[in-house]
Each structure stands twice: as structure tokens, then as C-alpha cells.
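Trainee: In the numbering used here, the protein residues as written are 1 to 90.
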């Protein structure tokens, strides 16, 4: 897994800021730290549900209650993508 994560700040169902960060070896938490620094927000609290969601769906959603400080968006979405995982045509 040598992909990237795409992190989006969503407010009123619109992307207000986004960034991509490299995600070597599937280490999405380290990649999220880099992305949060780039977006100038704090790292959200990661709970067991986030680990399960990433393993199952390769997507995460953080709500304002996952942050210790107030945030200027309705949710933070994280999506993993790997250009090598393209489906082969049948």
C-alpha cells in the first residue's frame, strides 16, 4: 500500500479546503497528522470505529465532536486511494 489520503473539510455539503498526503505502508494516522498540519487544524481524536471504518471502507469521517477545539467545518472526510489498485477490465 503506497497510496495517498485525500482529506476534505466539508461545510454545508461543499468542500471548503482539501489536501492530499502520502500514505506509505497504509499508515493513515501519520498521513492524517501531515494533512492536518497542512490544513492548519488539530489532529482529531481517533476511536476504534475509525480503525474499523478505514480497514473496511478506506474512508473516515470526523465530526466536530472529534476535535478538542472548535472547527470551521461540519465534517472532515478522509479517503484512501492507491493508483496501483485500479481494477483491470474484464
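We put the CB at the ideal spot given by N, CA and C, even for glycine.
Should the segment 18–27 be regarded as contacting the segment 57–72, the criterion being three or more beta carbon pairs within less than 8 Å?
Mentor: no
Trainee: Grab the span of the alpha helix (DSSP H) containing residue 58 for me, first residue to last.
Mentor: One-based indexing of the chain shown puts residue 58 at position 58. Segment: none, residue 58 is in no alpha helix (DSSP H) and carries neither H nor E.
Trainee: Nearest to residue 82 by CA position, among 10, 62, 72, 23, is which residue?
Mentor: If you number the chain shown from 1, residue 82 lands on position 82. Residue 23 is the option with its Cα nearest to residue 82.
Trainee: Please identify the residue among 85, 73, 48 whose C-alpha is closest to the C-alpha of residue 10.
Mentor: On the chain shown, residue 10 is found 10 positions in, with the first residue counted as 1. Checked all of 85, 73, 48; the closest Cα to residue 10 is 73.
Trainee: Going along the chain, which residues of its own chain have a beta-carbon closer than 7 Å to the beta-carbon of residue 63, five neighbours each way excluded?
Mentor: Locating residue 63 in the chain shown gives position 63, where the first residue counts as 1. Correct list, in chain order: 75.
Trainee: Check whether the Cβ atoms of residue 145 and residue 78 sit closer than 8 Å, and answer yes or no.
Mentor: Here the chain comprises residues numbered 1 to 90, so residue 145 is not present and cannot be evaluated.
Trainee: Taking C-beta to C-beta, are residue 31 and residue 15 nearer than 8 Å?
Mentor: Numbered from its first residue, the chain shown carries residue 31 at position 31. Numbered from its first residue, the chain shown carries residue 15 at position 15. Not a contact, by the Cβ cut-off of 8 Å.
Trainee: Considering just the uninterrupted stretch of the beta strand (DSSP E) at residue 10, what are its terminal residues?
Mentor: The residue labelled residue 10 in the question sits at position 10 within the chain shown. 2–11 is the extent of the beta strand (DSSP E) around residue 10.
Trainee: Three-state secondary structure (DSSP) at residue 76?
Mentor: Against the chain shown, residue 76 aligns to sequence position 76. Strand, per DSSP.
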